[in-house]
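Trainee:
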Amino acid sequence: MACLSFAKLNASSSQWIAQQSFSQKRGSSSRRRVSLLIRAGAYSDELVQTAKSVASPGRGILAIDESNATCGKRLASIGLDNTETNRQAYRQLLLTTPGLGDYISGAILFEETLYQSTTDGKKFVDCLRDAKIMPGIKVDKGLVPLPGSNSESWCQGLDGLASRSAEYYKQGARFAKWRTVVSIPCGPSALAVKEAAWGLARYAAISQENGLVPIVEPEILLDGDHSIDRTLEVAEKVWSEVFFYLAENNVLFEGILLKPSMVTPGAEHKDKASPQTIANYTLKMLSRRVPPAVPGIMFLSGGQSEVEATLNLNAMNQSPNPWHVSFSYARALQNTVLKTWQGNPENVEAAQKALLVRAEANSLAQLGKYSADGEGDEAKKGMFVKGYTY
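Numbering of the sequence shown is given in the working numbering, commencing with residue 7 and proceeding in unit increments.
Shown next, in the form of structure tokens:
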């Protein structure tokens with residue numbers, strides 16, 4: 007008969023805090039002794055505080071972690087060349103917006119941006135700190151084909167992640183982001199789901215070991231004509247696998263953030279779902295799969311229009327949730343901003359005001375107080391791109 011002694015994990019300790027043993031009887035004459043070791047990492051307290059800071063009431067994440075190639079596509083849409091100078095100018099516009107910290111608690115940066123400064127010589131990291139915004143960093147190396155799958159992908163970047171994460175921490179980053187994807191039209195295959203979940207869990211453990219709160223993001227792509235019930239089925243399977251492997255890798259749940267897709271029908275499905283329906287399905291999935299120990303759920307917009315993403319978030323905050331339910335938007339915060347700026351220095355102030363409008367709208371949605379009255383036509387345009395890549 008097996009006897010197991012449980013040890014309570016104290017996140018404030020950085021020592022080996024428990025060493026229990028249990029015996030398993032084999033037959034009537036032999037016993038096997040097994041040691042159970044539980045360790046709290048050196049950064050545990052800081053990880054918990056960072057996660058709580060990002061998951062603070064009325065605030066969410068601004069995602070500006072597009073690769074240089076993707077940022078180039080954004081700049082090309084307004085007639086600008088993809089140069090470091092132009093990328094710096096656009097990111098400076100975003101990160102120096104006065105009052106941004108009232109609505110934004112964290113900003114995910116691309117590696118180039120983490121090490122950049124304003125034209126006046128002030129580090130972008132310091133601009134964020136002064137605004138009470140936590141700097142974050144994209145750490146994955148992108149998607150590549152997954153051999154043996156149904157034309158699916160896996161996310162690379164674990165090689166060298168520990169040393170890179172340590173350097174990002176020294177530069178001022180305090181949380182990390184790793185995006186992998188699951189495609190419903192491609193199955194998804196059991197192999198792709200397991201690969202996504204395991205990769206996220208290894209990344210999360212490595213990030214925490216180096217002081218970075220990991221954002222766990224298995225994006226279930228909008229591509230396809232499937233129903234919302236099919237999305238729910240796949241989402242529950244994916245998140246079940248993710249949390250199984252997070253636990254296997256001894257990840258501290260209080261020191262992570264999630265970045266899930268909302269549970270919606272496929273982008274090509276004949277029936278569109280209302281914000282209330284999307285909220286009901288999404289919260290159902292989360293309540294079935296996500297432990298209340300997780301401090302924050304920061305949704306991606308996934309190609310929804312600016313208004314759609316805000317309405318859906320607002321619907322999810324009409325009653326209390328066990329987690330902070332908020333946003334981590336890229337295009338759904340930047341689309342109008344980019345078109346207002348047009349690369350013209352004279353338009354910087356107007357573009358920053360446009361950013362504040364979107365940030366405040368999503369802040370209200372996080373509090374369940376948003377109304378779409380007065381929203382312009384541009385903010386209602388969908389941004390779904392089939393097979394979208396960063």
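Think of the CB as a built atom: it goes at the ideal place given N, C-alpha and C, for glycine as much as any other residue.
Look at the alpha carbon of residue 286 and the alpha carbon of residue 198, and state the distance between them as a whole number of angstroms.
Mentor: In the sequence shown, the residue the question calls residue 286 occupies position 280. In the sequence shown, the residue the question calls residue 198 occupies position 192. The alpha-carbon atoms of residue 286 and residue 198 are separated by roughly 27 Å.
Trainee: Is the segment 293-311 touching the segment 81-99 in the sense that three or more CB pairs, one from each, lie closer than 8 Å?
Mentor: no
Trainee: Are the Cβ atoms of residue 229 and residue 273 separated by less than 8 Å?
Mentor: The residue labelled residue 229 in the question sits at position 223 within the sequence shown. The residue labelled residue 273 in the question sits at position 267 within the sequence shown. Cβ distance < 8 Å, so residue 229 and residue 273 count as in contact.
Trainee: Counting Cβ pairs closer than 8 Å, one from the segment 74-81 and one from the segment 159-166, do we hit at least three?
Mentor: No, the segment 74-81 does not touch the segment 159-166.
Trainee: Whether or not the segment 117-130 and the segment 365-372 are in contact is what I'm after, with contact meaning three or more pairs of Cβ atoms, one per stretch, closer than 8 Å; do they touch?
Mentor: no
Trainee: In the DSSP assignment, the alpha helix (DSSP H) including residue 130 goes from what residue to what residue?
Mentor: To locate residue 130, count along the sequence shown from 1; it is residue 124. Run containing residue 130: 130-136, per the alpha helix (DSSP H) assignment.
Trainee: Beta-carbon within less than 7 Å of residue 261's beta-carbon, same chain only, minus the 5 sequence neighbours each way: which residues are those?
Mentor: In the sequence shown, residue 261 corresponds to position 255, counting from 1. Excluding positions up to five away in sequence, the list reads 50, 53, 54, 57, 214 and 219.
Trainee: On the criterion of 16 or more Cβ atoms from any shown chain inside 10 Å, does residue 377 qualify as buried, or is it exposed?
Mentor: As a working mapping, residue 377 is identified with position 371 in the sequence shown. Classification for residue 377: exposed.
Trainee: Using alpha carbons as the reference points, say which of 347, 292, 133 and 320 lies closest to residue 329.
Mentor: Reading the sequence shown from its first residue, position 323 is the one you call residue 329. Out of 347, 292, 133 and 320, 292 has the C-alpha closest to the C-alpha of residue 329.
Trainee: Should residue 157 and residue 150 be called a contact, given that it needs their Cβ atoms to be closer than 8 Å?
Mentor: Position 151 of the sequence shown holds residue 157. Position 144 of the sequence shown holds residue 150. Their beta carbons are not under 8 Å apart, which means residue 157 does not touch residue 150 by this criterion.
Trainee: Identify whether residue 119 lies in helix, strand or coil by the three-state DSSP scheme.
Mentor: Position 113 of the sequence shown holds residue 119. Looking at residue 119 - three-state DSSP - the assignment turns out to be helix.
Trainee: Assuming residue 288 and residue 279 form a contact by the criterion Cβ under 8 Å, report the distance between their Cβ atoms to the nearest whole angstrom.
Mentor: Walking along the sequence shown from the start, residue 288 turns up at place 282. Walking along the sequence shown from the start, residue 279 turns up at place 273. Between residue 279 and residue 288 the Cβ distance is about 10 Å, and since that is not below 8 Å, they are no contact.
Trainee: Would the segment 172-179 count as touching the segment 245-254 if we require 3 or more Cβ pairs under 8 Å?
Mentor: no
Trainee: Given this structure, state the Cα-to-Cα distance separating residue 335 from residue 316, to the nearest angstrom.
Mentor: Within the sequence shown, numbered from 1, the residue matching residue 335 stands at position 329. Within the sequence shown, numbered from 1, the residue matching residue 316 stands at position 310. About 10 Å.
Trainee: From this set, 99, 74, 134 and 69, which residue's C-alpha is nearest residue 351's C-alpha?
Mentor: Here residue 351 refers to the residue found at position 345 when the sequence shown is read from its first residue. Selected option, being the one with the closest Cα: 99.
Trainee: Measure the C-alpha to C-alpha separation of residue 383 and residue 141 and round it to an integer number of angstroms.
Mentor: Looking up residue 383 in the sequence shown gives position 377. Looking up residue 141 in the sequence shown gives position 135. Between residue 383 and residue 141, the C-alpha separation is close to 32 Å.
Trainee: In terms of residue numbering, what span does the beta strand (DSSP E) encompassing residue 183 cover?
Mentor: Reading the sequence shown from its first residue, position 177 is the one you call residue 183. Unbroken beta strand (DSSP E) run through residue 183: 181-188.
Trainee: Using only the alpha-carbon positions, how far apart do residue 368 and residue 65 sit?
Mentor: Residue mapping note: residue 368 aligns to position 362 of the sequence shown, counting from 1. Residue mapping note: residue 65 aligns to position 59 of the sequence shown, counting from 1. Taking the straight line from one Cα to the other gives about 8 Å.
Trainee: What residue from 104, 85 and 226 has the CA that sits closest to residue 365's CA?
Mentor: The count along the sequence shown starts at 1 and reaches residue 365 at position 359. Closest by alpha carbon: 104.
Trainee: I believe residue 67 touches residue 112 by the beta-carbon criterion, under 8 Å. Please report the beta-carbon distance rounded to the nearest angstrom.
Mentor: In the sequence shown, counting from the first residue as 1, residue 67 sits at position 61. In the sequence shown, counting from the first residue as 1, residue 112 sits at position 106. Rounded, the Cβ-Cβ distance is 4 Å, consistent with contact.
Trainee: Fully enclosed by the segment 216-300, which beta strand (DSSP E) runs are 3 residues long or longer?
Mentor: 219-226
Trainee: Would you call the CB atoms of residue 186 and residue 206 closer than 8 Å?
Mentor: Within the sequence shown, numbered from 1, the residue matching residue 186 stands at position 180. Within the sequence shown, numbered from 1, the residue matching residue 206 stands at position 200. Closer than 8 Å, so yes.
Trainee: Taking only beta-carbon atoms, is residue 339 less than 8 Å away from chain B?
Mentor: The structure shown contains no chain B; it is built from a single protein chain.
Trainee: Would you mind stating whether residue 137 and residue 302 have Cβ atoms separated by less than 8 Å?
Mentor: Position 131 of the sequence shown, counted from the start, is the residue given in the question as residue 137. Position 296 of the sequence shown, counted from the start, is the residue given in the question as residue 302. Taking 8 Å as the Cβ cut-off, residue 137 and residue 302 do not qualify as a contacting pair.
Trainee: Taking all protein chains shown into account, decide if residue 74 is buried (16 or more other Cβ within 10 angstroms of its Cβ) or exposed.
Mentor: To locate residue 74, count along the sequence shown from 1; it is residue 68. By the Cβ neighbour-count rule, residue 74 is exposed, with fewer than 16 other Cβ atoms within 10 Å of its own.
Trainee: Kindly indicate which three-state DSSP category residue 161 falls into: helix, strand or coil?
Mentor: Counting from 1 along the sequence shown, the entry for residue 161 is found at position 155. If DSSP states are grouped into helix, strand and coil, residue 161 belongs with the strands.
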